[in-house]
Structures are given as structure tokens and as C-alpha cells.
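Asker: Residue numbers (the working numbering): 1 to 303. All C-beta atoms in this analysis are idealised placements derived from N, C-alpha and C, irrespective of residue type, glycine included. Quick caveat, the model's predicted, so the values are computed rather than measured. Would you mind keeping the following structure in view while I ask a few things?
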């Protein structure tokens with residue numbers, strides 16, 4: 001048995017510099033829906049937008065503690081809510097991840113139904129042409145990336161939010177550029193099953209990793225995971241703002257016949273180092289060695 005303890009100590013010594021603690025920037029228990037920014041509010045609805053996203057309501061179920069977002073529209077328009085966290089500037093080798101688990105009802109069954117994004121929106125908490133802050137609308141200045149999910153539709157994919165546009169609605173389609181599919185991304189990777197009544201259970205994540213940077217550009221890997229499907233795209237942006245984040249936005253499009261809702265049992269934003277391949281290999285190798293030692297020790301005791 002001493003060899004097992006020695007191997008365990010060696011493993012800890014090897015991995016300690018590389019496996020840093022995961023920093024949680026936002027989670028459901030942290031959600032504060034009222035009181036204003038000065039009193040810790042960090043979940044907001046856009047007020048009177050001029051484009052899509054016409055409001056809705058956000059509540060916390062007192063029994064389950066789930067966050068419930070009800071689409072405020074009675075027709076097929078996107079509504080969304082915003083959750084903010086401490087401003088985070090990506091470092092090379094680190095990854096920002098939005099994870100979600102939800103049940104949707106009344107979702108659009110004819111194409112795009114759910115979208116989630118990671119953004120920098122400055123101090124903005126509402127989004128319309130009159131809700132300006134410090135003389136400007138930060139939804140117009142916002143940068144970030146979103147993923148659209150739904151039934152088999154060409155619009156389901158990863159998008160980049162363009163900075164310096166004239167659209168005060170954070171999700172106006174004209175404010176986005178499509179990121180083309182590569183060898184690690186296909187339309188089917190963003191498809192979800194939606195049952196009769198617009199009912200769907202969705203578990204997934206959207207993550208952004210800074211691969212490299214120089215004086216004029218940043219190269220990022222944007223990864224979407226939906227159930228067992230994983231897709232990722234690498235993109236180089238000539239704007240350093242695309243490595244800066246302080247908000248998530250999530251929402252859905254209702255069916256044409258009525259509203260819809262999203263009930264989140266998990267909604268988490270984390271920031272963590274990406275393990276290097278050599279460290280992962282060492283981790284697996286040492287544990288395999290531990291398993292062999294344990295089996296030998298057990299065999300001697302029972303032999």
C-alpha cells in the first residue's frame with residue numbers, strides 16, 4: 001500500500017500547477033431579480049425594446065428554486081433576459097463557459113427555438129434606443145457570441161455580435177455575422193427535438209477559449225455542446241473587445257399561437273484553465289498505475 005500513497009502524492013504534485021480551481025461567476029443561487037444594481041440585482045429584462053425581445057417575466061420558483069422565464073410575446077418573436085457577472089477578460093489557455101439545463105414549453109417547432117449568448121454589454125441592463133447610459137446605448141456597442149438551437153434549420157448555428165452597429169436590440173439579426181461551419185461544426189450539431197406543444201428538454205453549454213492574441217487580433221475557439229453533440233469553430237477577430245465578457249443573454253421564440261416559457265434547473269457561468277493534453281495524459285496514466293497496484297495488493301490479500 002505505501003506505493004499507492006506515493007503514487008497519489010506524485011499525482012498531486014504533478015497536477016497541482018495545471019489544474020486550477022474553477023471560478024464560478026454566476027449560478028442560480030446567486031440570482032437577484034429585483035432591487036436595482038445598487039442592491040445586487042444581476043438578472044434583468046430588456047425594457048420596451050424597439051426590435052425583437054419584447055420583455056416577458058423572470059421569476060424564481062419558491063419550491064424548486066428554478067428560474068422561470070416566460071416569453072412576453074403572443075406571436076413568433078424572440079424574447080430574452082440578461083444575467084450579469086463580474087467583467088472577465090480571457091487569458092490564453094482559459095475558457096469561459098455558460099452551462100444550462102432547462103425545460104421549454106410552447107417553443108417554436110418550425111426552426112430556431114432557443115438561443116444563448118455570452119457578451120460584453122458594459123453597464124447596460126436594459127435595451128432600447130431611449131435606455132441610454134453615459135450618453136450611449138451599450139447594446140449597440142456590445143460584443144459577443146451566441147448559439148441558436150432548434151429543429152433542422154439552416155439558421156441554427158454560432159453567430160458573432162458586431163460592435164458599433166445601429167441596432168439597440170441586443171438580438172437584432174442585422175447586428176450579427178454568421179460564423180461559417182468548419183470541419184468540426186455542422187447544422188445537425190445544433191438540432192434539438194421539440195415535441196407536440198413545443199415541449200423540449202435541453203442541456204448544453206457555450207464556451208469561449210482564447211487560443212492566442214497579438215497586438216491587432218485575438219483567436220478564439222467557440223464551442224457549443226447540446227446533449228451528446230459537440231461543435232466548435234475557430235475565429236480570429238481584429239478587435240480585442242471579443243475577449244471581454246460580463247453578461248449572458250438567453251431566450252426563445254414562441255409558437256405563432258401563443259407564449260412560451262423556459263424553466264432553468266441549472267444556469268451557470270464558470271471560468272477555468274483548459275488542461276494541457278500532456279497533463280490529461282499523465283492524469284490517466286497515473287490512475288491506471290494506481291488501479292494496477294490496487295488490484296495486485298488485493299490479490300495478495302485474497303491469495
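1) Beta-carbon within less than 6 Å of residue 150's beta-carbon, same chain only, minus the 5 sequence neighbours each way: which residues are those?
2) Count the other CB atoms, across all protein chains shown, that sit within 10 Å of the CB of residue 123; report buried if there are 16 or more and exposed otherwise.
3) Check whether the Cβ of residue 31 sits closer than 7 Å to any heavy atom of the ligand NAP, and report yes or no.
4) What whole-angstrom Cβ distance do residue 66 and residue 265 have, given they're in contact under 8 Å?
5) Mapping DSSP to helix, strand and coil, what is residue 252?
6) Report all residues from its chain with a CB closer than 7 Å to the CB of residue 34; omit the five preceding and five following residues, and keep chain order.
7) From which residue to which residue does the alpha helix (DSSP H) around residue 140 run?
8) Where does residue 174 land, buried or exposed, given buried means 16+ other C-beta within 10 angstroms?
9) So the beta strand (DSSP E) residue 227 belongs to, where does it begin and stop?
10) Residue 25 lies in the beta strand (DSSP E); which residues open and close that run?
11) In terms of residues, what are the limits of the beta strand (DSSP E) holding residue 67?
12) Can you name the residues that DSSP bridges to residue 274?
13) How is the beta strand (DSSP E) around residue 117 delimited, first residue to last?
14) Within 10 angstroms of its Cβ, does residue 51 collect 16 or more other Cβ (buried), or is it exposed?
15) Look up residue 190 in the DSSP assignment and say whether it is helix, strand or coil.
16) Could you tell me if residue 105 is buried or exposed, where buried requires 16 or more neighbouring beta carbons within 10 angstroms of its beta carbon?
17) Taking its Cβ as the centre, do 16 or more other Cβ atoms sit within 10 Å of residue 178, making it buried, or is it exposed?
18) Give a yes or no on whether the C-beta atoms belonging to residue 225 and residue 205 are separated by under 8 Å.
19) Between the Cα of residue 147 and the Cα atoms of 196, 119, 39, which residue gives the shortest distance?
20) Cα-Cα, which of 90, 239, 36 is closest to residue 143?
21) Mapping the DSSP letters down to three states, classify residue 30 as helix, strand or coil.
Answerer: Taking the coordinates as given:
1) 111, 112, 113, 156
2) exposed
3) This structure does not include the ligand NAP; it has no bound ligands of any sort.
4) 5 Å
5) It is a strand residue.
6) 41
7) The continuous alpha helix (DSSP H) containing residue 140 extends over residues 138–141.
8) exposed
9) Careful: residue 227 lies outside any beta strand (DSSP E) and carries neither H nor E.
10) Where residue 25 is concerned, the enclosing beta strand (DSSP E) stretches over 23–26.
11) 67–70
12) Residue 274 is bridged by DSSP to nothing; it lacks a bridge partner.
13) 112–120
14) Low per-residue confidence applies at residue 51: pLDDT is 47, beneath 50, and the placement is therefore not dependable enough to give any value.
15) helix
16) buried
17) exposed
18) yes
19) 119
20) It is 239 whose Cα lies nearest to the Cα of residue 143.
21) Three-state DSSP puts residue 30 in a helix.
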